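Note sheet for the following structure.
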Amino acid sequence: MATQEKVSEHNLGKIISHAKEYGFVFPSSEVYDGLAAVYDYGPYGVELKNNLKTLWWKSMTQLQDNVVGIDASIFMHPLTWKASGHVDSFNDPMVDNRDSKKRYRADQLLEAKAEEYAKAGQEEKGHALLVEMGRLLDAGDLNGVREQIISEGIVCPVSGTANWTEVRQFNLMFSTRVGSVAEDADTIYLRPETAQGIFVNFLNVQKTARMKIPFGIAQVGKAFRNEIVARQFIFRMREFEQMEMQYFVRPGEEMKWYEFWKETRLKWHQAVGLPAQKLKYHVHEKLAHYANAAVDIEFEFPFGFKEIEGIHSRTDFDLSQHQKLSKKKMQYFDNEINQNYVPYVVETSVGADRLFLAVLCNAYTEEVVGEGENQKERTYLKLHPAIAPVKAAIFPLVRKDGLPEKGMQIFNQLKQDFRVVYEERDAIGRRYTRQDLIGTPFCIAVDYQTLEDNTVTIRHRDSMEQERVSIEELRDKIAREVSFSRIYEQL
RNA sequence: GCGAAAGUAGCUCAGCUGGUAGAGCGCGACCUUGCCAAGGUCGAGGUCGCGGGUUCGAACCCCGUCUUUCGCUCCA
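Numbering (our numbering), first residue to last: 1 to 491.
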């Protein structure tokens, strides 16, 4: 009888320590004291993350018969970001109130003021204020914006004072320069989202893969955002990985597909092992400029419910914008209705690192086992076998009498199909524990009986129970348990 | 970016009113043992986050800085 105690509140610290100590996630450049909000994946972390990415990729491109993949570059033509709106809306003028220590977007303060005027029947005054603000922002006159705030008598809602700092520009896109001669070099950006690589390739993909609407394009890749505050371990990083799928549909049918993906994706997270009660939808009331519907799938992290995936109905905003700026048609001819149109898009966008963190938080388990005198605490990662970094460990019970040789034989055979490890050092109990800590679902022990009848014991991580099976059965038995199809079955 | 707290061995931490570092666990080798973090022997590993200052002397006091966590703030 094991009383189980799941990690719930305020122990992100435990997860972070565990992740570091057992080779999942390290702070970047730790020998130089680290780099804020950047992390590296260690030996087991990379296996787990790769498994999650592969699972997602196959769920999209293999299980869905009308979704294909691409891998676009991180660098893109600068106009891409003009078209997407990032150049304009990823540049925010910020101002702090010195008394309340609160930070605001300067433009939003002025917009709120303009709204007040409008409500008071002074619409023209409000309009004039915004026009002037637009002029100042275009001219890069941040001081002018600050003077506007002060002369309008705008005060901080918290402190009630007008003790404002300078207005400063925050650019959320990282830029670099292409061209070896500095003066001739062009500024280009590191992509702040992977979606645009899909949009600009829409026609290439549609034509070469001969896709018919509705169809989707999937992509896994890095994106970069110069977050003002990056926090909460790998939850919000400046360099992160997205798993995105853009689904192109007939205009007017987007809500049907939006609902379809909303449900499909929630089910997927559950199938990976995230419990239903720790997942919920969060519908956006305030929509981004491109969307006509948006919902987040949130997971209950130790620091609360937070987004792991977004499902957005992006309308034809992106393709239309690219059509406008590139002057290339982004249209599809639909034989069924005999019409040319710019497709609407439903996006599913998972943060790979967030999913990783959710899976890790959920898997981290501390429980008390044994009774009375024998009671002790046990820590292990309850990962779905299909995504566990190591599938099985092979242990000879003792380090003599030919057991190591037999163990190596089994190891060499299994390693062709699975990520397995072989260990003969230390007491077997400790070896079990070490595997528990990294979430290995199966430990195979070679004992004296093995030499007689070619059977071994398989010890199951979660129940700690053992069963005896013949060596010939091993491969198939493990294969069944660790196969992605165990997850697909739940979809 | 603001506020608070913290930073000593791989991890968790101790280190008194300043007198140039310790423990447990872990790690490596060997011996004994053999089914859930076993015992023994030996060993590796720290310029106490970094840089200044005060002092005869700084892990400890002062200043600065970096990093992390938490709370704001921001978040397509």
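For each residue, glycine too, the CB sits at the ideal point set by N, CA and C.
Note that the coordinates shown come from a computational prediction; the quantities given were computed from them, not determined experimentally.
Listed in chain order, the non-local C-beta contacts of residue 44 below 6 Å within the same chain comprise 23, 24, 389, 438, local neighbours out to five positions each way being set aside.
Below 8 Å, enough C-beta pairs join the stretch 339 to 353 and the stretch 245 to 252 to call them touching: three or more.
Each residue's CA atom was taken as its position, placing residue 337 and residue 319 some 20 Å apart. Pairwise C-beta distances place the stretch 154 to 168 out of contact with the stretch 36 to 50, as fewer than three of them are shorter than 8 Å. The Cβ atoms of residue 458 and residue 394 lie no closer than 7 Å to each other.
Runs of the beta strand (DSSP E) lying entirely within the stretch 273 to 356 and spanning at least 3 residues, in chain order: 279 to 283, 293 to 301, 304 to 315, 332 to 334, 339 to 341, 344 to 351.
One thing to note: residue 314 has its Cβ no nearer than 7 Å to the Cβ of residue 281. Assigned with DSSP and collapsed to three states, residue 190 falls in strand. The C-alpha of residue 296 is placed about 30 Å away from the C-alpha of residue 325.
Secondary structure within the stretch 33 to 84: the alpha helix (DSSP H) runs of 4 or more consecutive residues, fully enclosed, are 43 to 61, 78 to 84 (chain order).
A distance below 7 Å separates the beta carbons of residue 261 and residue 348.
In this model, residue 61 and residue 220 are separated by some 12 Å (Cα to Cα). Here residue 448 is exposed. Its C-beta has fewer than 16 other C-beta atoms within 10 Å. Fewer than three Cβ pairs drawn from the stretch 79 to 98 and the stretch 470 to 479 lie within less than 8 Å of each other, which leaves the two stretches out of contact.
Note on geometry: alpha-carbon atoms of residue 144 and residue 94 lie some 13 Å from one another. Note on geometry: alpha-carbon atoms of residue 427 and residue 440 lie some 17 Å from one another. Around the CB of residue 400, fewer than 16 other CB atoms lie within 10 Å, so the residue is classed as exposed.
CA-CA distance, residue 74 to residue 241, rounds to 11 Å. Around the CB of residue 216, 16 or more other CB atoms lie within 10 Å, so the residue is classed as buried. Taking the CA atoms as reference points, residue 19 sits about 15 Å from residue 366. For residue 67, the closest of 29, 125, 191, 198 by C-alpha to C-alpha distance is 198. When only Cα atoms are considered, residue 357 and residue 421 end up about 24 Å apart. When the five nearest sequence neighbours on each side are left out, the beta carbons in the same chain lying within less than 7 Å of the beta carbon of residue 462 are those of 382, in order along the chain. Residue range 123 to 138 is occupied by the alpha helix (DSSP H) that includes residue 136. Residue 274 and residue 376 have their C-alpha atoms roughly 27 Å apart.
When the beta-carbon positions are compared, residue 385 and residue 272 stay at least 7 Å from each other. It is roughly 9 Å from the alpha-carbon of residue 141 to the alpha-carbon of residue 167.
Residue pairing by DSSP places residue 176 opposite 188 in a beta bridge. In this structure, residue 294 and residue 310 form a Cβ contact; the two beta carbons are roughly 7 Å apart against a cut-off of 8 Å.
Going by beta carbons, residue 317 and residue 308 fall outside the 7 Å limit. A direct Cα-Cα distance of roughly 11 Å separates residue 128 from residue 135. The C-beta distance from residue 236 to residue 36 rounds to 11 Å, too long to fall under 8 Å, and the pair is not in contact. Residue 476 has no beta-bridge partner at all, per DSSP.
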